[in-house]
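Residue numbers (our numbering): 81 to 381.
#1: I want to know whether the segment 266-285 touches the segment 320-329 - three or more CB-CB distances under 8 angstroms.
#2: Within the same chain, show all residues whose beta-carbon is closer than 8 angstroms to that of residue 227, passing over the 5 residues directly before and after it, in chain order.
#3: For residue 369, tell me which candidate among 114, 89, 95 has the shortest Cα-Cα distance.
#4: For the 8 angstroms Cβ check, are there 3 or more pairs between the segment 169-189 and the segment 206-213?
#5: Taking the straight line between their C-alpha atoms, what separation do you get for residue 448 and residue 276?
#6: Buried or exposed: where does residue 363 fall if 16 or more other Cβ atoms within 10 Å of its Cβ makes it buried?
#7: DSSP state of residue 202, grouped into three classes?
#8: Let me know if residue 183 comes out buried or exposed under the rule of 16 or more other beta-carbons within 10 Å of its beta-carbon.
#9: Do three or more CB pairs link the segment 84-103 to the segment 343-350 at distances below 8 angstroms?
#10: Closer than 8 angstroms is the cut-off here; do at least three beta carbon pairs connect the segment 242-261 with the segment 147-162?
#11: In chain order, what residues of the same chain lie with their CB nearer than 6 angstroms to the CB of residue 200, ignoring the 5 residues before and after it?
#12: On a Cα-Cα basis, can you pick out the residue from 225, 161, 334, 339 that is closest to residue 88?
#13: Report, in whole angstroms, the separation of the C-beta atoms of residue 342 and residue 330, which I expect to be a contact under 8 angstroms.
#14: Compute the Euclidean distance between the alpha carbons of residue 172 and residue 289, then round it to the nearest angstrom.
#15: What would DSSP say about residue 251, mapped onto helix, strand or coil?
#16: Throw me the rounded Cβ distance for the residue 293 and residue 124 pair, which I believe falls under 8 angstroms.
#17: Out of curiosity, what's the CA-to-CA distance linking residue 396 and residue 126?
#18: Which value, in whole angstroms, describes the spacing of the CA atoms of residue 213 and residue 140?
#19: Does chain D have any CB closer than 9 angstroms to the CB of residue 308?
#20: Any idea if residue 304 is buried or exposed, counting beta-carbon neighbours within 10 angstroms, 16 or more meaning buried?
#21: If you scan the segment 317-377 from start to end, which runs of the alpha helix (DSSP H) of 4 or more residues do you find wholly inside it?
#22: So which of 299, 337, 306 has the shortest CA-CA distance to residue 134?
#23: Whose CA, out of 230, 216, 177, 300, lies closest to the CA of residue 260?
#24: Using alpha carbons as the reference points, say which of 358, 120, 84 lies closest to residue 100.
#25: Tell me which residue opens and which closes the alpha helix (DSSP H) that residue 153 is part of.
#26: Quick check on the DSSP output: the alpha helix (DSSP H) that includes residue 185 runs from which residue to which?
#27: Less than 9 angstroms between the C-beta atoms of residue 158 and residue 249, yes or no?
#28: Terminal residues of the continuous alpha helix (DSSP H) containing residue 83?
#29: According to the neighbour-count rule (16 or more other Cβ atoms, all chains shown, within 10 Å of its Cβ), is residue 130 buried or exposed?
Structure below.
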């Protein structure tokens, strides 16, 4: 808010960075989120017709849909603000590379999670006090977070489930263990961190089922089918194109995970020819891979 009362002037370097962030945000929204939405919507709508592997794929597609959609929207907003001289806080910090749920919530929707921390969790007593106080405060903040998304039991269960994920770390004082991104110092360390990332991502995808489901019954039935149906994935439901795009996207984000956004400071790494070549690759990817238009998920909240 103080920025509204200070004199601002157009700054070329800030504008360049803002345009880069807008470009990457458009890529995440149009190429990643909108393409994943097509398959996620179909699988969640017809979950009784698919086997377990396809249902797992549906939860993964939704995970990348909501990430590409909301972090892309945030990138576009932050980048646009920089064009006008405003500096907005980073809202996503590559959350799917987190090694535990506590780290995930430090990197996902940072503006909301820090607001809940400062104005709800800490006033309630935070992590001070005994185990009962810690458990109470944890469930309050996560359930309120779920309720913030809508008056639906699916959001309440989603919030409570994340509280269950978070509690062991809090009670064992491990919730602030992974404060910085991993730098693999050995092959063993790399394998352990890779396993932790996959495990945390799996827990997150499972919780997203409740977030995505239209009712509690649909979520329960979806999960029941997940564990009772056959696991063979039919080739006809395997969207090769979007899987290749997703793998490329994950690789690019991993390589740039220490930045505020993927295209930040690329002039320090690439010369003019490579830099503009990258811009055009992203622009043509957006044009060529754009599919059915999807509304922003978070516009409903």
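Glycine included, each C-beta is placed from N, C-alpha and C at the ideal position.
All of these numbers come straight from a predicted model, not from anything done at the bench.
Reading from the atomic positions:
#1: no
#2: 235, 236, 239
#3: Residue 369 has its Cα closest to that of 114, out of 114, 89, 95.
#4: no
#5: With the chain covering only 81 through 381, there is no way to say anything about residue 448.
#6: exposed
#7: coil
#8: Per the 10 Å Cβ criterion, buried.
#9: yes
#10: no
#11: 221
#12: Checking every option, the nearest Cα to that of residue 88 belongs to 161.
#13: About 12 angstroms; that fails the 8 angstroms criterion.
#14: 21 angstroms
#15: helix
#16: 7 angstroms
#17: Because the chain spans 81 through 381 in this model, residue 396 falls outside it and cannot be assessed.
#18: 34 angstroms
#19: Looking at the structure shown, chain D is missing, and only one protein chain is on hand.
#20: exposed
#21: Runs of the alpha helix (DSSP H) inside the segment 317-377: 320-335, 352-369.
#22: Considering only alpha carbons, the answer is 306.
#23: 177
#24: 358
#25: Taken as a continuous stretch (DSSP letters only), the alpha helix (DSSP H) holding residue 153 covers 132-163.
#26: 181-187
#27: no
#28: Segment: none, residue 83 is in no alpha helix (DSSP H) and carries neither H nor E.
#29: buried
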